[in-house]
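These notes are about the structure you will find just below.
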Amino acid sequence: LIKILTHETCRISWVSSNFSIYFNQTLLHNFQNFVTETQRQPREDDAPRPRVVGAHPGARRAPRRPALPVRERRSHSVLSGAQLARAKGVPLYQLYDPKCGSVEFGHKQYYALEWSERGTGMGDGALVTDTEMFAELVAARAGTFHYYFVYDEPIARAADGGQGSGWFAVTPSLPTGAPLDALVCQTVLAKCLGPLPRWRSVLEVAHRTGYNLLHFTPLQVLGASDSSYSIADQLKLDPRYDDPVTGREATFADVQNLITTMHEEWQMMAICDVVLNHTANETAWLRTHRDASYNCANCPHLRPAAVLDALLARLTADVADGLVPAVCGSLPARLDSPHQLDALRPELERRLCDARLHEFFCCDVDALSAAFLQRAATNERPLVARYFTLPELPDLRHYEDFIYGDQGCEVMAHNGWVMNADPLRDFAAREEDGRVYLRRELIAWGDSVKLRYGAAPEDSPFLWEHMRRYVELTARVFDGLRLDNCHSTPLHVAEHLLQCGRRVKPDLYVVAELFTNCDRLDNIFVNRLGITSLIRGAFRAPAGGARAARAGVAHAALLDLTHDNPSPVTRRSVFDLLPTAALVAAAACAVGSTRGYDDLVPHHVNVRARVPLAESAVFERATGDGRATELHFRGLAPGDVVALRVRPEPATAAALAALAPLTGAPAPLTGAPAPDPLRLAPALADLTLSDFNVLLYCCEAEERERCGGGVYDVPGAGPLAYAGLAGAHAELEPLALADDLAHPLCANLRAGDWLPDYTWRRLEDDQRLAPVAALYREALQPLAALPRFLVPCYFELVVRALYTAVRAAALARLGGAARGSRFARELALTSVQLTGGRPSAPLPRAPGAASLSAGLPHFAVGYMRCWGRDTFIALRGAFLLTGREADARAHILAFAASLRHGLIPNLLDGGRNARYNCRDAGVVFRERNAGRQIDAHMTDKGFNVQIGIDPETGFPFGGNDANCGTWMDKMGSSERAGNRGRPATPRDGSAVELVALAYSTAAWLAAEHRAARYPHPGLARRHRDGGVSAWTWPQWAERVRRSFERHFWVPPAPSAADARPDLVHRRAIYKDSHGASQPWADYQLRCNFPVAMAVAPDLFEARHAWAALETAGRLLAGPLGLKTLDPADWNYRGDYDNSDDGVDPSVAHGFNYHQGPEWVWPLGFYLRARLEVARRLGRSQAGAVLAALGPLLRELRGSPWRGLPELTGAGGAYCRDSCRTQFRTSTGNNYFAGFYNLIYFSRAKQQYQYKISIESTI
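In terms of the UniProt record's numbering, the sequence shown has 221 at position 221, counting the first letter as 1, and numbering is strictly consecutive.
What follows is the structure, encoded as structure tokens:
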């Protein structure tokens, strides 16, 4: 990411977004967000090797040492992300020189930059990841500058330009102080201004009609065609500007004095064209400096084309003289019918045959003949455009001798443009085929010669020096340059000459006429040349046309008419001028026009035409008093123009002034405090995270319970996701990016102040939040005084400022992962989003504490809000890694207080009607309150719960085919389809993730007992005969470990160890369960074994684990989550629809909830497992993991719920019945984000561990 600002406060920052060079140097695609352009290795004939200045750690890199194991690495001193980048040698170099530096062609003196950390200044415990590193450069000079970086290679690679590079542009400060979007430009044809002494009075009209930028066509001596862009002498002012009264010769100094006056008195700027790619045929120095043009002496490949050009010129002359025979007499000079063109064909074929062009190339006669569309043939208007400057000679033989003789240097190629050509290639050069002229593909400008610069100044020393003086002269006189036909100017030439211009005037404003028809090519020109504004014309857009808004590559200057276009009066209608001008004026960018458009001139003032000067008159401008002013105009003739300016009402002006601070300065890149224009910090200082839950979030059900209201319902668009600021911000953010003012929300804001009032009124009755509501009201109050069409824009501005301030304050209350990467911060906020005080869902023993929601909007309030399994899957990511230990303690104790049968409840319901339908202990019981009170669909058998530990394997087992005691707990409910009371996924027996959790628990208790933090050495079982069996914790863990691979691994090839080879459907996987009542269910490929692998990696043989992960990645991984079932399984149904009331039992009432839909929460465990297994095998997966997290970050930022969904349909498709944000999904992956920071930035594990006394919990 490169952040560019105006250069008074310019802070250019390279942020290593979405790449991990420290851990994986092979995944080059992870650098795509780091550079603006990634290059191949430069060729030997590229620019000279750069000189690197400044010491950099990467320049003297120590020999690489073997990577330390993770556990060993933790015991060493902590390295920051920036230190890791430096240690691995990722030097970054840039071309910006604080001093002006040299502008010699090919000069490349680079300066090394140091890496910094975004976490600086954030306090103790701040996490810094590789996605947060940046290198900062304060630029005080405008221009465009190259940068490159090198990684994982010897430092010698730096001399070749690096492995990735790009350009950054610093925009200039305009001399009048106007921002770029406030520029209003008018093009004036300089040759129509008359003598220089009268320019001030002529140009004052533009000043008084509101223009603040004048664009002059070239002022230099013009060629014989009198075209404004056919310059005969680039260093001399045209004599037409001399004073005819005194005879005084006008000079560029006089022009500069006039422009200085414009600055001081009118606050107007002036720019002028520079024409670098061609010169007039009459240019004197072309005769003395033959290397400056493409002629038949230095470019012999053009000779056949010149011969053809001469042949066609001779044919034109003969047609004009009536010498071309036809069927009946001679061919007329006026060709106005197809049969006359057909009559020309035999003569053309004969002459082409005589010319023996086939000796050079084969010629497509049909293609050439089709080009003869001119109606009248004269020497001034030939049948086809002339491509070369040629004298008049009697016949083709003389032409050929002239072209191939010593005089061939006088046969010079004209310039022009080629449709659909690559602007980065020189169409006249031999290296790029050079057949454009022969094929007659050029749209030629017959009055101009194409200039030949070559690859470097040595190829044409005079031309380079002459044009340098020309550019420096123009830059010295004017505030900016307009690059005429920028797409036809060699890029390296324009780059060097603009450097020369910026040396004369550092704040040079550069405008370009750039038409490449490709954003990628536009971007190259903009980056390399430092173009400030691109010219775009409204006249080229279809009348009434609409196009999709999209991000541009550079600042735009939109003109209602450029000087190259005909008058709309002739092409459209006189009624088209005013609405087009209004639309252009409304554009949020710099705008402009051409002199004559505002005056309704009904014809095209052509840049090539000779325009006689005549007097015109204007009437005096006047202003009236009072709210109503009646204007009477006298003596107005048709075509006269009246300009009126209407100022805003005082109340509106005051409102705009009050809102101005919200436009604000950019947020700091380091940890420095962000500006607080709304003065919210004192009011937010004493709030709790539950208060921030109200300020930012609260879905419909939560808001109704809190205050009796609900979320804001936008007519035509539906309700917002949240009542808090996140709801409005999530809706407004994409509208602002797309400039979608037609959205129903914008229409609602224009219609009334209901949403602004709702924003603060929902808080005013809350005693704790009333001060914040008052500040909200103060910030939103100026909107009522604005014109209604401005309200959407400024409401978005205020909401963005409020949301940013409140969000930052909420993050400041959190710790740990909330100070990590951007992804971790977004996930940490879901802890605030899903935790709040809800009276209908209290925590036992802590009724005033905030409770967790399992997901929104379906599990927001009441008995369905808080679930045991979801809570403890997400507990570490939601509370421990974010520093919310008190909330973690409250939830642990609340569930412990509801302990029964050795089980914590799966559904808490405040401890009143808790459900214990999950398996984690050795008990046999029938559920309390069995029946419809706790489950309306389960059969009687399903309420019988039997759970135990297998004495042979140590695996926990339980359940039956009538209940579903794991997280895959869908119970059928459709009478019509016949699946009522039947679980979709019983998963009875020993589920793989429960076995791993039992092992992890036993191993942990063993460690706690050894450390004297837990008094019990193991577990004991009393048999019916009175005997006792006892296991210590290490014995239980070892029994599970020895048995696991034997009972769960399915090898890639058939083996004698296969218990049921007839049931094996997939190989190189881990079974989903062991000992199921339906044996085939054991062999299903599901997303549960990666969970087991993440929590108990020691159970898995590393090579087997990697093979299984590869299988899961190939078959189960989706864009956001993991499929819950193998797509090849006969039960697979990938799309969940809970409202399906059909007769298909496999999907009715959402029976396939866990039979294929892609659940998001297991993805975090899958990625953790990949990291851990790769570490054990000595591999690196950090780059691949970061790439996999990219879609999750996009979903977090793009979802109106600002969270990760519960599940998706097949291929990541949207699922309407899924929770839009779910606790275990978001914070389960947050746990992963914290794990990532722990492992790869060697943060002390202890700072995240929450030590809980087992005795107090029990």
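Ideal Cβ placement from N, Cα and C applies to all residues, glycine included.
No experiment lies behind these values; they were computed from the predicted model shown.
Residue j beta carbon less than 8 angstroms from that of residue i
i: Pro1090; j: Ala996; result: no
i: Lys970; j: His1154; result: yes
i: Phe1223; j: Asp909; result: no
i: Arg502; j: Ala142; result: yes
i: Leu1177; j: Gly1121; result: no
i: Val511; j: Ile403; result: no
i: Ala984; j: Asn1152; result: yes
i: Gly816; j: Gly883; result: yes
i: Leu189; j: Arg595; result: yes
i: Gly965; j: Gly959; result: yes
i: Trp967; j: Ala1006; result: no
i: Cys185; j: Ala590; result: yes
i: Gly530; j: Leu497; result: no
i: Asp1217; j: Ser1139; result: yes
Cα-Cα separation between residue i and residue j, rounded to whole angstroms
i: Asp97; j: Asp560; result: 39 angstroms
i: Glu585; j: Glu441; result: At residue 585 the sequence reads Ala, which differs from the Glu that was named. Ala585 and Glu441: Cα-Cα distance of roughly 38 angstroms.
i: Thr953; j: Val1040; result: 6 angstroms
i: Arg435; j: Pro304; result: 9 angstroms
i: Tyr147; j: Gly592; result: 34 angstroms
i: Trp1004; j: Met1093; result: 16 angstroms
i: Ala841; j: Leu534; result: 59 angstroms
i: residue 1266; j: Arg351; result: No statement about residue 1266 is possible, as the shown extent of the chain runs from 1 to 1258 and does not include it.
i: Cys746; j: Val791; result: 8 angstroms
i: Asp484; j: Leu348; result: 37 angstroms
i: Ala896; j: Ile904; result: 7 angstroms
i: Ser601; j: Gly639; result: The identity of residue 601 in the sequence shown is Val, whereas the question assumes Ser. C-alpha separation (whole angstroms): 8 angstroms.
i: Glu458; j: Asp291; result: 10 angstroms
i: Tyr399; j: Ala385; result: 17 angstroms
i: Leu980; j: Gly902; result: The displayed chain sequence assigns Arg, not Leu, to residue 980. C-alpha separation (whole angstroms): 29 angstroms.
i: Ala977; j: Phe823; result: 43 angstroms
i: Leu1193; j: His1016; result: 44 angstroms
i: His301; j: Val319; result: 29 angstroms
i: Trp867; j: Leu656; result: 49 angstroms
i: Leu323; j: Arg439; result: 26 angstroms
i: Leu237; j: Lys191; result: 11 angstroms
i: Glu495; j: Pro682; result: 52 angstroms
i: Leu183; j: Ser448; result: 32 angstroms
i: Asn295; j: Gln94; result: 39 angstroms
Residue burial classification, residue i (beta-carbon count within 10 angstroms, cutoff 16)
i: Ala313; result: buried
i: Gln109; result: exposed
i: Leu235; result: exposed
i: Ile443; result: exposed
i: Gly58; result: For Gly58, the predicted structure reports a pLDDT of 34, less than 50, and the residue's modelled location is therefore unreliable. The matter cannot be settled from this model.
Closer than 8 angstroms to chain E by CB, residue i
i: Ser690; result: No chain E is present in this structure, which holds just one protein chain.
*Stretch-stretch touch, CB-based, cutoff 8 angstroms, three pairs: the segment 688-703 with the segment 715-734*: Segments in contact, yes.
_For the structure I just gave you, are there three or more beta carbon pairs, one from the segment 523-532 and one from the segment 561-569, closer than 8 angstroms?_
A contact is defined here as three or more CB-CB pairs under 8 angstroms, and the segment 523-532 fails this definition with respect to the segment 561-569.
*Stretch-stretch touch, CB-based, cutoff 8 angstroms, three pairs: the segment 474-494 with the segment 273-285*: The segment 474-494 is in contact with the segment 273-285.
*the segment 203-213 touching the segment 637-654, judged by at least three CB pairs closer than 8 angstroms*: Contact between the segment 203-213 and the segment 637-654 is present, because at least three Cβ pairs lie under 8 angstroms.
*Within the chosen definition, does the segment 1130-1146 reach the segment 1104-1116 through at least 3 CB pairs nearer than 8 angstroms?*
Contact between the segment 1130-1146 and the segment 1104-1116 is not established, with fewer than three Cβ pairs separated by less than 8 angstroms.
*At least three beta-carbon pairs within less than 8 angstroms, the segment 833-851 to the segment 859-869*: As far as the Cβ criterion goes, the segment 833-851 touches the segment 859-869, which means the pair count is three or higher.
*Complete beta strand (DSSP E) runs within the segment 375-443 (minimum length 3 residues, chain order)*: Within the segment 375-443, the complete beta strand (DSSP E) runs of at least 3 residues are 414-418.
*Decide yes or no for the touch test of the segment 677-697 against the segment 808-823: beta carbon pairs closer than 8 angstroms, at least 3 of them.*
Yes, the segment 677-697 touches the segment 808-823.
*Touch check for the segment 1095-1109 and the segment 1063-1072: three-plus C-beta pairs under 8 angstroms?*
Put simply, the segment 1095-1109 touches the segment 1063-1072. At least three CB pairs are less than 8 angstroms apart.
*Given 8 angstroms as the limit, is there contact between the segment 255-270 and the segment 174-182, that is, 3 or more CB pairs closer than that?*
Yes: at least three Cβ pairs fall under 8 angstroms.
*Can you list, in chain order, the stretches of the alpha helix (DSSP H) that have 4 or more residues and sit fully within the UniProt domain "Glycogen debranching enzyme central" (679-763)?*
Taking only runs of at least 4 residues, the alpha helix (DSSP H) segments lying wholly in the UniProt domain "Glycogen debranching enzyme central" (679-763) are 681-684, 689-696, 700-707, 725-738, 744-751, 754-761.
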